[in-house]
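Going down the list, the protein sequences come from chains A and B. All you need for this note's numbering is the position in the first sequence, starting with 1, plus 110. All you need for this note's numbering is the position in the second sequence, starting with 1, plus 357.
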Amino acid sequence: MSARNTILDKLRRNRVPREDDYELPPVKILGDLDKSIERFEKSLQLMGGEVLPQRDGQTIEDVVRARFPNTTSICSAVPEVEGTLKITDLKTHEQSNEVDVMVVRSPFGIAEMGSIFLSEVELFDHLADVHLAQHLVVLLSREELTANMHTAYRERSEFKTAFYGVLMSGPSATADIQGVLIRGAQGVRTLSLIWTS
Amino acid sequence: MSNKPVKHAQAAAEFLEDDPHRLFHDERLWDMRQKRDQQMHGMPEWQELRDRASRIKEHTLANLPTYLEQFEENARRNGIHVHWARDGAEHNRIVAEIMGKHDAKSLIKSKSMITDECEMREYLEPRGITVTETDLGERIQQLDHQLPSHVVVPAVQKLTGDVAKIFAKYYGTDPNIKDPHELAEAQREAARPVLLSGDTGMTGGNFIVAETGGFVVCTNEGNADLSSNLPNVHIATLGIERLVPRVEDLGVFVRLLSRSALGSPITQYTTHFRGPRKGGEMHVILVDNGRSDRLAMPQFWSSLKCIRCGACMNTCPVYRRSGGQSYGSVYSGPIGAIIDPTFNAKKFSTLPFASTMNGSCSNVCPVEINIHEQIYDWRRVLAEKHDIPFVKREIMKMAGRLLAQPRLYRVSIEGTEVALKTMPRFVLYNYLNPWGKHRELPHPVKETFNSWYRKNRLKTSTKKEHESA
Ligand code: SF4
Numbered sequence: 111m112s113a114r115n116t117i118l119d120k121l122r123r124n125r126v127p128r129e130d131d132y133e134l135p136p137v138k139i140l141g142d143l144d145k146s147i148e149r150f151e152k153s154l155q156l157m158g159g160e161v162l163p164q165r166d167g168q169t170i171e172d173v174v175r176a177r178f179p180n181t182t183s184i185c186s187a188v189p190e191v192e193g194t195l196k197i198t199d200l201k202t203h204e205q206s207n208e209v210d211v212m213v214v215r216s217p218f219g220i221a222e223m224g225s226i227f228l229s230e231v232e233l234f235d236h237l238a239d240v241h242l243a244q245h246l247v248v249l250l251s252r253e254e255l256t257a258n259m260h261t262a263y264r265e266r267s268e269f270k271t272a273f274y275g276v277l278m279s280g281p282s283a284t285a286d287i288q289g290v291l292i293r294g295a296q297g298v299r300t301l302s303l304i305w306t307s
Numbered sequence: 358m359s360n361k362p363v364k365h366a367q368a369a370a371e372f373l374e375d376d377p378h379r380l381f382h383d384e385r386l387w388d389m390r391q392k393r394d395q396q397m398h399g400m401p402e403w404q405e406l407r408d409r410a411s412r413i414k415e416h417t418l419a420n421l422p423t424y425l426e427q428f429e430e431n432a433r434r435n436g437i438h439v440h441w442a443r444d445g446a447e448h449n450r451i452v453a454e455i456m457g458k459h460d461a462k463s464l465i466k467s468k469s470m471i472t473d474e475c476e477m478r479e480y481l482e483p484r485g486i487t488v489t490e491t492d493l494g495e496r497i498q499q500l501d502h503q504l505p506s507h508v509v510v511p512a513v514q515k516l517t518g519d520v521a522k523i524f525a526k527y528y529g530t531d532p533n534i535k536d537p538h539e540l541a542e543a544q545r546e547a548a549r550p551v552l553l554s555g556d557t558g559m560t561g562g563n564f565i566v567a568e569t570g571g572f573v574v575c576t577n578e579g580n581a582d583l584s585s586n587l588p589n590v591h592i593a594t595l596g597i598e599r600l601v602p603r604v605e606d607l608g609v610f611v612r613l614l615s616r617s618a619l620g621s622p623i624t625q626y627t628t629h630f631r632g633p634r635k636g637g638e639m640h641v642i643l644v645d646n647g648r649s650d651r652l653a654m655p656q657f658w659s660s661l662k663c664i665r666c667g668a669c670m671n672t673c674p675v676y677r678r679s680g681g682q683s684y685g686s687v688y689s690g691p692i693g694a695i696i697d698p699t700f701n702a703k704k705f706s707t708l709p710f711a712s713t714m715n716g717s718c719s720n721v722c723p724v725e726i727n728i729h730e731q732i733y734d735w736r737r738v739l740a741e742k743h744d745i746p747f748v749k750r751e752i753m754k755m756a757g758r759l760l761a762q763p764r765l766y767r768v769s770i771e772g773t774e775v776a777l778k779t780m781p782r783f784v785l786y787n788y789l790n791p792w793g794k795h796r797e798l799p800h801p802v803k804e805t806f807n808s809w810y811r812k813n814r815l816k817t818s819t820k821k822e823h824e825s826a
């Protein structure tokens, strides 16, 4: 018998818990339903992310340049930012590994966690490249916030359509050496957010 | 694998001899436990979440074959190659076969306990495949030829100086580095070229979703998203018990996992894989390796609800003081004590004795596994297999080692933390009488502890101890 059938057969015959005794609880939305910008920003900052203010007269490109004044490498996946190259221009991972700042747009954020979502759609299939960059700048519309994880999974169809969908909550981090929290482990070292309307 | 019983008590005693390690370990894990409590206190719905998590898992386990088939069908439709492995050996063969087809030689992987359980590195390396752990803690353990000490923080038993020495040997860095930032940077520098040149990527999976044919990987370092997306081939090793029925069930589990584990609201990366990326190839291996047998055990099947958050380890006074290495297995702490004997009842026969039966593990478990009751049941099962003198001997060893340490001893019940100078009587009582009289009491642990606590709190807990707890 194949491994598949051996395993399924064993589970069918021998398992102790039986269908009728354990009903599936209906889905329920729990927790705080505040989806304000304030809550999102507070959560994001707790996770080590930053919010970049946009002053009157400043373009988004200006905001990015002001945050990274010395960089010569800004890779953009959004029309709002010219940068020094486009994400679709990246041909090899070695090339992506040289990218200093990556600018992307997230389709939605989760206020409870300060998380932003990215999938193959926003990344133009450059999935690894966004993580190879040193710094990440995320554009997010103020209108696209959902309150918490329950509402996110209920409202956002992306979880059922994307083949790759990552919720990033701040930059990469580790506390594996003597419990010291280090922001910027193997993925991006910083994650900054710019609000758009 | 040797069949000789793990000498937990002896190994624990060795760990206890070194003050800096012992104290840091205890403090660090207790800190994680306290951060978890802070998260819990900020969420009035915490108990309801735990209750739902438990019920969703119970339902899934009761319908496991159906949901596995549903997952398989949906995953296949998404273009994922689905493999099944009865045990670790079969899993390892499948990995070697997939890599063989691509003439691949370098496997870059993120942390997954299940591949350690399968002893995959030991199988692949003699076959000319280089396996590189890319999670910092797991990499440290790999370089040091040790099993992970903890399911969430694999190298938690090491101090900065230990890591500096290991990195000096393998990465050529300064052996006297004192700053963890410098070491983490050294790991980043060392990992990049390996990540860029790796030809096969591997991850585990925290949750599998039957409804979508996808799976979720929760990490902090960004290494899983690099390991899975850089090479053309991504293999995910998934324990069959990791299923949930619906996408919306993830809301419950993601909200609980990192809060229970590290006391952070969520992991930095929560990654949903549902199919191969453009031009790539994705394989999932559904691994049984004893899980179907465990599901057939009346007292122990519910341990399969475990989401590997490590909260039971962080809260366990014995684990905190003995270190993960003393358990001699991939899974240590209370969860290890109840699942390790299902892998090898002889080898891990001593582990259910590494407990004070204080019940704190069950109280923090986000999926409400009755861990301490299962520990107790294992003692009975093992007593039937072995002779009573064996059992008595193990209890005496544990009691002797721990009681010989007249140091701060922490016990926590239902969120009430007390720092204790001496071990409460019930601990002693439980060591010496794991069953017998114990069984006459309906809730022996709680009642005994509470009455003890009421009588002694003013006498034994000073302000300073409260602070350090
Ligand atoms: S048994 Fe419970 S507390 Fe322990 S690791 Fe598993 S889920 Fe976490």
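Think of the CB as a built atom: it goes at the ideal place given N, C-alpha and C, for glycine as much as any other residue.
Check: What is the rounded straight-line gap between the Cα of residue 790 of chain B and the Cα of residue 714 of chain B?; Outcome: Model confidence at residue 790 of chain B stands at a pLDDT of 35, short of 50, so the residue's coordinates are unreliable and nothing is read from them.
Check: Any idea if residue 143 of chain A is buried or exposed, counting beta-carbon neighbours within 10 angstroms, 16 or more meaning buried?; Outcome: exposed
Check: For residue 669 of chain B, which residues in the same chain have their Cβ closer than 7 angstroms to its Cβ, ignoring the five residues on either side in sequence?; Outcome: 690, 691, 692, 718, 721, 722 and 728
Check: In angstroms with no decimal places, state the Cα-to-Cα distance between residue 422 of chain B and residue 570 of chain B.; Outcome: 14 angstroms
Check: Grab me the residues of residue 445 of chain B's own chain with a C-beta within less than 7 angstroms of its C-beta, minus the 5 sequence neighbours each way, in chain order.; Outcome: 474, 475, 476 and 646
Check: Taking 7 angstroms as the threshold (beta carbon to beta carbon), is residue 166 of chain A in contact with chain B?; Outcome: no
Check: Quick check: is any heavy atom of the ligand SF4 less than 6 angstroms from the C-beta of residue 352 of chain B?; Outcome: Nothing in the structure corresponds to residue 352 of chain B, since chain B is present only between 358 and 826.
Check: Check whether the Cβ of residue 282 of chain A lies closer than 7 angstroms to any Cβ atom in chain B.; Outcome: yes
Check: So is the beta-carbon of residue 724 of chain B under 6 angstroms away from any non-hydrogen atom of the ligand SF4?; Outcome: yes
Check: By the 8 angstroms beta-carbon criterion, what residues does the region 236 to 248 of chain A contribute toward chain B?; Outcome: 237, 238, 241 and 242
Check: Could you check where the alpha helix (DSSP H) with residue 271 of chain A kicks off and where it finishes?; Outcome: 268 to 271
Check: Nearer than 6 angstroms: is that true of the beta carbon of residue 665 of chain B relative to any heavy atom of the ligand SF4?; Outcome: yes
Check: Residues of chain A with CB closer than 8 angstroms to the CB of residue 308 of chain B, please, in chain order.; Outcome: What the structure shows of chain B is the stretch from 358 to 826, and residue 308 of chain B is not part of that stretch, so it cannot be assessed.
Check: For a minimum of 3 consecutive residues, which ranges assigned as the beta strand (DSSP E) are wholly contained in the region 631 to 697 of chain B?; Outcome: 638 to 644
Check: What residue range does the beta strand (DSSP E) around residue 215 of chain A cover?; Outcome: 211 to 215
Check: Can you look up residue 558 of chain B in the DSSP assignment and give me helix, strand or coil?; Outcome: strand
Check: Here's the rule I'm using: 16 or more other beta-carbon atoms within 10 Å means buried, otherwise exposed. How should residue 176 of chain A be labelled?; Outcome: exposed
Check: Could you give the distance in angstroms between the alpha-carbon of residue 620 of chain B and the alpha-carbon of residue 460 of chain B?; Outcome: 42 angstroms
Check: Beta carbons nearer than 8 angstroms to chain A: which residues of the region 617 to 632 of chain B have them?; Outcome: 619, 621, 622, 623, 624, 625, 626, 627, 628, 629, 630, 631 and 632
Check: DSSP three-state call for residue 278 of chain A: helix, strand or coil?; Outcome: strand
Check: Any heavy atom of the ligand SF4 inside 6 angstroms of the beta-carbon of residue 413 of chain B?; Outcome: no
Check: Considering Cα atoms alone, identify which of B:496, B:663, B:424 and B:467 is closest to residue 410 of chain B.; Outcome: B:663
Check: Report the residue from B:659, B:642, B:651 and B:666 whose alpha carbon sits nearest the alpha carbon of residue 429 of chain B.; Outcome: B:642
Check: Do the region 479 to 486 of chain B and the region 669 to 684 of chain B touch if we need at least three Cβ pairs shorter than 8 angstroms?; Outcome: no
Check: For a quick check, are the C-beta atoms of residue 654 of chain B and residue 557 of chain B less than 7 angstroms apart?; Outcome: no
Check: How about residue 846 of chain B: is its C-beta nearer than 7 angstroms to some C-beta of chain A?; Outcome: Outside the displayed range of chain B (358 to 826) lies residue 846 of chain B, so it cannot be described from this structure.
Check: Taking Cβ-Cβ distances shorter than 8 angstroms, what residues in chain B pair up with residue 225 of chain A?; Outcome: 623 and 627
Check: Should residue 147 of chain A be flagged as near chain B, meaning a C-beta pair shorter than 7 angstroms?; Outcome: no
Check: Could you give the DSSP three-state label for residue 384 of chain B: helix, strand or coil?; Outcome: helix
Check: Can you tell me which residues form a DSSP beta bridge with residue 226 of chain A?; Outcome: A:219 and A:278
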